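Q: What follows is a structure written as structure tokens; I'll ask about it next.
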Amino acid sequence: LTGIRLENLSAGNLLVAATRDLATNLAHCARQLNPYAAWNKIRLSGGLSRDLPLLTALIQQYFPTAAVLESAVEEETLAGLANIASASKA
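Residues 4 to 93, numbered by this note's numbering, are exactly what the sequence shown covers, in order.
Shown next, in the form of structure tokens:
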């Protein structure tokens with residue numbers, strides 16, 4: 004984060020700056036995974052993307068041709084662990 008001054012330091016401005024930085028870092032990581040990919044779908048999971056619609060909008064700007072999808076399961080990680088646990092009991 005850069006450009007933080009006493010005049011513009013507020014919780015809202017700091018949250019927006021952190022969200023922009025997160026979206027930038029996510030886009031950078033995606034391009035490192037496959038720099039030649041024409042991303043057509045991006046699935047977001049977890050509460051952060053639901054709680055911060057700005058994050059979804061910023062990710063959409065980095066990948067304008069991709070459909071940005073929210074996970075259908077609210078706690079995807081916990082649901083996956085529950086599936087693994089129930090399968091191991093069988």
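A virtual CB, placed ideally from N, CA and C, is assigned to each residue, including glycine. None of these values were measured; they are calculated from a predicted model.
Just how far apart, CA to CA, sit leucine 15 and leucine 51?
A: Correcting the residue identity first, residue 15 is glycine in this sequence and not leucine. One C-alpha to the other measures close to 16 Å.
Q: When you compare the region 58-69 with the region 18-28, are there three or more beta-carbon pairs, one atom per stretch, that lie closer than 8 Å?
A: Yes, the region 58-69 touches the region 18-28.
Q: Can you tell which of Gly6, Asn86, Ala40 and Glu77 has the C-alpha that lies nearest to the C-alpha of glycine 49?
A: For the residues Gly6, Asn86, Ala40 and Glu77, the minimum Cα distance to glycine 49 belongs to Glu77.
Q: Kindly list the residues whose CB is nearer than 8 Å to the CB of leucine 84, restricted to its own chain and excluding five residues on each side of it in sequence; keep chain order.
A: Nothing listed; no residue qualifies.
Q: Return the CA-CA distance between aspartate 54 and threonine 22, expressed in angstroms with no decimal places.
A: Those two C-alpha atoms are separated by around 11 Å.
Q: Taking a contact to mean a Cβ-Cβ separation below 8 Å, would you say leucine 36 touches serine 74 in this structure?
A: Contact: no.
Q: Between valine 71 and isoleucine 45, how many whole angstroms is the CB-CB distance? I'm expecting something under 8 Å.
A: The pair is a contact, with the Cβ atoms about 5 Å apart (cut-off 8 Å).
Q: Using 8 Å for Cβ pairs, my map puts threonine 68 next to asparagine 43. What's the rounded Cβ distance?
A: With 8 Å as the limit, threonine 68 and asparagine 43 qualify as a contact, their Cβ atoms being about 7 Å apart.
Q: Would you list, in sequence order, the uninterrupted alpha helix (DSSP H) runs of no fewer than 4 residues that lie entirely inside the region 28-80?
A: Fully enclosed alpha helix (DSSP H) runs of 4 or longer: 50-54 and 56-65.
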